[in-house]
Amino acid sequence: MALRIPKPPLPGRRKPPPPSDPRANGDVALKDQAAEVGAGIVGWVDERTGAAGFTKAMLFRKVPKGTNWFYTLGSATLFAFLSQAVTGVFLAMYYNPSPDRAYDSVQHITNDVWLGDLVRGMHRWGATVMIVLIFLHMGRTFFFGAYKYPRELNWVIGVVLLVLTLAMGFTGYLLPFDQRSFWATVVGVNINGTGPIIGPYLSDFLRAGPEFGATTLSRFYAIHMLLIPGLIAALIAVHLYLVVKLGTTAPPWLKAKLPEPLDKESV
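For the sequence shown, the working numbering puts the final residue at 260, and the numbers step up evenly by one.
What follows is the structure in C-alpha coordinates.
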(Lines of atoms letter the chains of each structure in order from A and count residues from 1; the text may use other names and numbers.)
(Lines give C-alpha, C1' and ligand atoms only; values in the text may rest on other atoms or scores of the structure.)
Protein backbone atom coordinates (compact mmCIF):
# COMPACT_ATOMS: atom_id res chain seq x y z
CA MET A 1 0.00 0.00 0.00
CA ALA A 2 1.46 3.33 -1.12
CA LEU A 3 1.89 6.15 1.37
CA ARG A 4 0.23 9.46 0.54
CA ILE A 5 2.37 12.45 1.26
CA PRO A 6 0.29 15.54 2.11
CA LYS A 7 0.93 18.52 -0.08
CA PRO A 8 2.27 21.60 1.59
CA PRO A 9 -0.32 24.39 2.01
CA LEU A 10 -0.30 27.09 -0.59
CA PRO A 11 1.30 30.26 0.60
CA GLY A 12 -1.43 32.72 1.56
CA ARG A 13 -1.39 36.52 1.75
CA ARG A 14 0.71 37.71 4.61
CA LYS A 15 -1.09 39.82 7.20
CA PRO A 16 0.45 43.16 8.15
CA PRO A 17 2.01 43.18 11.60
CA PRO A 18 -0.09 44.76 14.34
CA PRO A 19 0.74 48.37 15.20
CA SER A 20 3.45 48.55 17.76
CA ASP A 21 2.49 49.72 21.24
CA PRO A 22 4.46 52.85 22.16
CA ARG A 23 4.70 51.50 25.71
CA ALA A 24 6.19 48.15 24.51
CA ASN A 25 9.74 49.47 24.85
CA GLY A 26 9.08 51.51 27.98
CA ASP A 27 7.76 54.57 26.10
CA VAL A 28 4.79 56.53 27.50
CA ALA A 29 2.15 58.08 25.30
CA LEU A 30 2.05 61.89 25.11
CA LYS A 31 -1.43 61.99 26.66
CA ASP A 32 -0.28 59.94 29.64
CA GLN A 33 2.78 62.14 30.02
CA ALA A 34 0.61 65.27 30.13
CA ALA A 35 -1.66 63.65 32.72
CA GLU A 36 1.33 62.71 34.88
CA VAL A 37 2.72 66.25 34.68
CA GLY A 38 -0.63 67.74 35.67
CA ALA A 39 -1.05 65.32 38.55
CA GLY A 40 2.48 66.07 39.69
CA ILE A 41 1.86 69.82 39.73
CA VAL A 42 -1.41 69.40 41.63
CA GLY A 43 0.25 67.09 44.13
CA TRP A 44 3.17 69.50 44.57
CA VAL A 45 0.81 72.42 45.29
CA ASP A 46 -1.40 70.36 47.60
CA GLU A 47 1.59 69.07 49.56
CA ARG A 48 2.68 72.62 50.31
CA THR A 49 -0.70 74.28 50.81
CA GLY A 50 -3.09 71.54 51.95
CA ALA A 51 -5.76 73.01 49.68
CA ALA A 52 -7.25 69.64 48.73
CA GLY A 53 -8.93 69.20 52.11
CA PHE A 54 -10.61 72.60 52.01
CA THR A 55 -11.61 72.19 48.36
CA LYS A 56 -13.13 68.78 49.04
CA ALA A 57 -14.99 70.11 52.08
CA MET A 58 -16.24 73.08 50.05
CA LEU A 59 -17.42 71.19 46.98
CA PHE A 60 -18.62 67.93 48.55
CA ARG A 61 -20.07 69.18 51.85
CA LYS A 62 -23.50 68.06 52.93
CA VAL A 63 -26.37 70.50 52.62
CA PRO A 64 -29.65 70.25 54.55
CA LYS A 65 -32.81 68.99 52.97
CA GLY A 66 -34.97 71.71 51.49
CA THR A 67 -32.08 73.86 50.21
CA ASN A 68 -33.33 76.13 47.43
CA TRP A 69 -32.32 79.12 45.32
CA PHE A 70 -32.28 81.43 48.35
CA TYR A 71 -29.03 79.75 49.37
CA THR A 72 -27.27 80.96 46.20
CA LEU A 73 -27.42 84.65 47.19
CA GLY A 74 -24.06 84.42 48.95
CA SER A 75 -22.38 82.90 45.90
CA ALA A 76 -24.01 85.54 43.69
CA THR A 77 -22.62 88.27 45.94
CA LEU A 78 -19.16 86.71 45.73
CA PHE A 79 -19.41 86.61 41.92
CA ALA A 80 -20.43 90.30 41.91
CA PHE A 81 -17.38 91.17 44.01
CA LEU A 82 -15.06 89.27 41.65
CA SER A 83 -16.62 91.07 38.70
CA GLN A 84 -16.02 94.40 40.42
CA ALA A 85 -12.40 93.47 41.11
CA VAL A 86 -11.69 92.43 37.50
CA THR A 87 -13.39 95.42 35.87
CA GLY A 88 -11.80 97.75 38.43
CA VAL A 89 -8.32 96.55 37.46
CA PHE A 90 -8.98 97.31 33.79
CA LEU A 91 -10.38 100.75 34.62
CA ALA A 92 -7.37 101.55 36.81
CA MET A 93 -5.10 101.03 33.80
CA TYR A 94 -6.52 104.17 32.17
CA TYR A 95 -7.78 106.23 35.13
CA ASN A 96 -5.74 109.20 36.37
CA PRO A 97 -6.57 110.07 40.02
CA SER A 98 -5.68 113.76 39.81
CA PRO A 99 -8.16 116.65 40.04
CA ASP A 100 -7.05 117.98 36.65
CA ARG A 101 -7.10 114.70 34.72
CA ALA A 102 -9.68 112.49 36.45
CA TYR A 103 -12.71 113.65 34.46
CA ASP A 104 -10.83 113.59 31.13
CA SER A 105 -9.53 110.08 31.82
CA VAL A 106 -13.05 108.83 32.51
CA GLN A 107 -14.25 110.37 29.25
CA HIS A 108 -11.32 108.75 27.47
CA ILE A 109 -12.31 105.37 28.89
CA THR A 110 -15.92 105.85 27.86
CA ASN A 111 -15.39 107.22 24.35
CA ASP A 112 -11.98 106.08 23.10
CA VAL A 113 -10.86 102.86 24.79
CA TRP A 114 -11.99 99.64 23.10
CA LEU A 115 -14.91 98.21 25.14
CA GLY A 116 -14.23 100.89 27.74
CA ASP A 117 -17.88 101.95 27.90
CA LEU A 118 -18.92 98.31 28.47
CA VAL A 119 -16.35 97.71 31.22
CA ARG A 120 -17.21 100.98 32.93
CA GLY A 121 -20.93 100.16 32.73
CA MET A 122 -20.31 96.72 34.22
CA HIS A 123 -18.36 98.29 37.08
CA ARG A 124 -20.88 101.05 37.67
CA TRP A 125 -24.01 98.90 37.65
CA GLY A 126 -22.17 95.99 39.25
CA ALA A 127 -21.73 98.10 42.38
CA THR A 128 -25.49 98.49 42.66
CA VAL A 129 -26.05 94.80 41.97
CA MET A 130 -23.55 93.81 44.67
CA ILE A 131 -25.24 96.05 47.27
CA VAL A 132 -28.68 94.65 46.40
CA LEU A 133 -27.40 91.05 46.56
CA ILE A 134 -25.67 91.49 49.90
CA PHE A 135 -28.84 93.00 51.39
CA LEU A 136 -30.86 90.04 50.10
CA HIS A 137 -28.26 87.61 51.44
CA MET A 138 -28.33 89.25 54.86
CA GLY A 139 -32.14 89.21 54.82
CA ARG A 140 -32.20 85.51 53.99
CA THR A 141 -29.73 84.82 56.78
CA PHE A 142 -31.85 86.75 59.28
CA PHE A 143 -35.24 85.30 58.38
CA PHE A 144 -33.86 81.76 58.19
CA GLY A 145 -32.28 82.13 61.64
CA ALA A 146 -28.76 81.42 60.36
CA TYR A 147 -27.30 84.06 62.70
CA LYS A 148 -27.94 81.99 65.83
CA TYR A 149 -25.55 79.71 67.69
CA PRO A 150 -22.98 78.63 66.61
CA ARG A 151 -22.88 81.06 63.67
CA GLU A 152 -22.84 84.39 65.52
CA LEU A 153 -19.29 85.23 64.41
CA ASN A 154 -20.17 84.61 60.78
CA TRP A 155 -23.13 86.98 61.15
CA VAL A 156 -20.85 89.69 62.59
CA ILE A 157 -18.43 89.23 59.70
CA GLY A 158 -21.35 89.55 57.27
CA VAL A 159 -22.41 92.83 58.88
CA VAL A 160 -18.86 94.17 58.55
CA LEU A 161 -18.83 93.08 54.89
CA LEU A 162 -22.08 94.97 54.35
CA VAL A 163 -20.59 98.15 55.82
CA LEU A 164 -17.42 97.76 53.73
CA THR A 165 -19.49 97.25 50.57
CA LEU A 166 -21.40 100.47 51.23
CA ALA A 167 -18.13 102.27 51.93
CA MET A 168 -16.65 100.98 48.68
CA GLY A 169 -19.64 102.30 46.76
CA PHE A 170 -19.37 105.68 48.53
CA THR A 171 -15.65 106.11 47.84
CA GLY A 172 -16.03 105.05 44.22
CA TYR A 173 -18.76 107.59 43.55
CA LEU A 174 -16.28 110.50 43.65
CA LEU A 175 -13.82 109.04 41.14
CA PRO A 176 -15.48 110.40 37.93
CA PHE A 177 -14.99 113.84 39.56
CA ASP A 178 -17.82 115.62 37.81
CA GLN A 179 -20.18 118.14 39.41
CA ARG A 180 -22.68 115.56 40.61
CA SER A 181 -20.15 113.20 42.17
CA PHE A 182 -18.21 116.06 43.80
CA TRP A 183 -21.16 117.73 45.53
CA ALA A 184 -22.77 114.40 46.46
CA THR A 185 -19.52 113.42 48.18
CA VAL A 186 -19.39 116.77 49.96
CA VAL A 187 -22.87 116.11 51.34
CA GLY A 188 -21.97 112.55 52.36
CA VAL A 189 -18.78 113.58 54.15
CA ASN A 190 -20.61 116.39 55.99
CA ILE A 191 -23.25 113.89 57.13
CA ASN A 192 -20.47 111.66 58.47
CA GLY A 193 -19.12 114.65 60.35
CA THR A 194 -22.29 114.90 62.40
CA GLY A 195 -21.71 111.49 64.01
CA PRO A 196 -20.91 111.34 67.71
CA ILE A 197 -17.29 111.37 68.91
CA ILE A 198 -15.58 109.95 65.78
CA GLY A 199 -17.68 111.85 63.23
CA PRO A 200 -15.44 114.92 62.84
CA TYR A 201 -12.28 112.78 62.79
CA LEU A 202 -13.79 110.51 60.13
CA SER A 203 -14.66 113.52 57.96
CA ASP A 204 -11.13 114.92 58.27
CA PHE A 205 -9.73 111.52 57.34
CA LEU A 206 -11.90 111.25 54.23
CA ARG A 207 -11.16 114.81 53.13
CA ALA A 208 -7.44 114.37 53.84
CA GLY A 209 -7.63 117.67 55.69
CA PRO A 210 -10.11 120.26 56.97
CA GLU A 211 -11.42 121.08 53.47
CA PHE A 212 -11.80 119.36 50.12
CA GLY A 213 -8.55 119.64 48.22
CA ALA A 214 -6.28 118.03 45.68
CA THR A 215 -5.44 115.13 47.99
CA THR A 216 -9.09 114.23 48.66
CA LEU A 217 -9.46 112.42 45.33
CA SER A 218 -6.23 110.48 45.89
CA ARG A 219 -7.41 109.52 49.38
CA PHE A 220 -10.73 108.19 48.03
CA TYR A 221 -8.96 106.37 45.20
CA ALA A 222 -6.55 104.61 47.56
CA ILE A 223 -9.36 103.60 49.92
CA HIS A 224 -11.54 102.41 47.05
CA MET A 225 -8.83 100.47 45.18
CA LEU A 226 -6.59 99.11 47.92
CA LEU A 227 -7.88 99.32 51.48
CA ILE A 228 -11.50 98.22 51.20
CA PRO A 229 -11.05 95.45 48.57
CA GLY A 230 -8.22 93.95 50.63
CA LEU A 231 -10.36 93.90 53.77
CA ILE A 232 -13.32 92.45 51.88
CA ALA A 233 -11.21 89.67 50.33
CA ALA A 234 -9.75 88.72 53.73
CA LEU A 235 -13.15 88.68 55.44
CA ILE A 236 -14.71 86.67 52.60
CA ALA A 237 -12.02 84.01 53.11
CA VAL A 238 -12.84 83.79 56.83
CA HIS A 239 -16.56 83.83 56.02
CA LEU A 240 -16.25 80.87 53.64
CA TYR A 241 -14.09 78.96 56.11
CA LEU A 242 -16.76 79.30 58.79
CA VAL A 243 -19.48 78.27 56.33
CA VAL A 244 -17.57 75.06 55.56
CA LYS A 245 -16.73 74.41 59.20
CA LEU A 246 -20.17 75.08 60.70
CA GLY A 247 -22.35 73.94 57.82
CA THR A 248 -25.54 75.41 56.42
CA THR A 249 -28.72 76.07 58.37
CA ALA A 250 -31.82 74.15 57.32
CA PRO A 251 -34.86 76.15 56.17
CA PRO A 252 -37.09 77.20 59.08
CA TRP A 253 -40.13 75.34 57.70
CA LEU A 254 -38.37 71.99 58.15
CA LYS A 255 -38.67 70.68 61.68
CA ALA A 256 -35.89 68.58 63.12
CA LYS A 257 -36.77 64.98 63.84
CA LEU A 258 -37.04 64.32 67.57
CA PRO A 259 -35.54 61.12 68.96
CA GLU A 260 -38.03 58.32 69.37
CA PRO A 261 -38.95 57.13 72.85
CA LEU A 262 -36.81 54.42 74.33
CA ASP A 263 -39.58 51.81 74.31
CA LYS A 264 -40.07 52.27 70.55
CA GLU A 265 -36.46 52.22 69.54
CA SER A 266 -35.23 49.15 67.75
CA VAL A 267 -32.44 47.29 69.47
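Glycine included, every Cβ here is placed at the ideal spot set by N, Cα and C.
Just so we're clear, the structure is a prediction, and the values are computed from it rather than from any experiment.
As assigned by DSSP and simplified to three states, the class of residue i
i           : result
residue 42  : helix
residue 141 : coil
residue 220 : helix
residue 233 : helix
residue 25  : helix
residue 241 : coil
Endpoints, the alpha helix (DSSP H) within which residue i is located
i           : result
residue 110 : 109 to 136
residue 211 : 207 to 215
residue 183 : 172 to 186
residue 197 : 192 to 200
residue 89  : Looking at the DSSP string, residue 89 is not in any alpha helix (DSSP H), and its letter there is neither H nor E.
Buried or exposed by the 16-neighbour rule on C-beta atoms within 10 Å, applied to residue i
i           : result
residue 104 : exposed
residue 147 : buried
residue 68  : exposed
residue 75  : exposed
residue 48  : exposed
residue 169 : buried
residue 152 : exposed
residue 120 : buried
residue 99  : buried
Length of the line joining the Cα atoms of residue i and residue j
i           : j           : result
residue 22  : residue 36  : 21 Å
residue 195 : residue 186 : 7 Å
residue 216 : residue 210 : 10 Å
residue 96  : residue 235 : 42 Å
residue 85  : residue 66  : 28 Å
Item to check | Three CB pairs or more closer than 8 Å across the segment 123 to 135 and the segment 153 to 167 | outcome: yes
Checklist entry - With contact counted as at least three CB pairs below 8 Å, one residue from each stretch, are the segment 132 to 149 and the segment 230 to 247 in contact? => result yes
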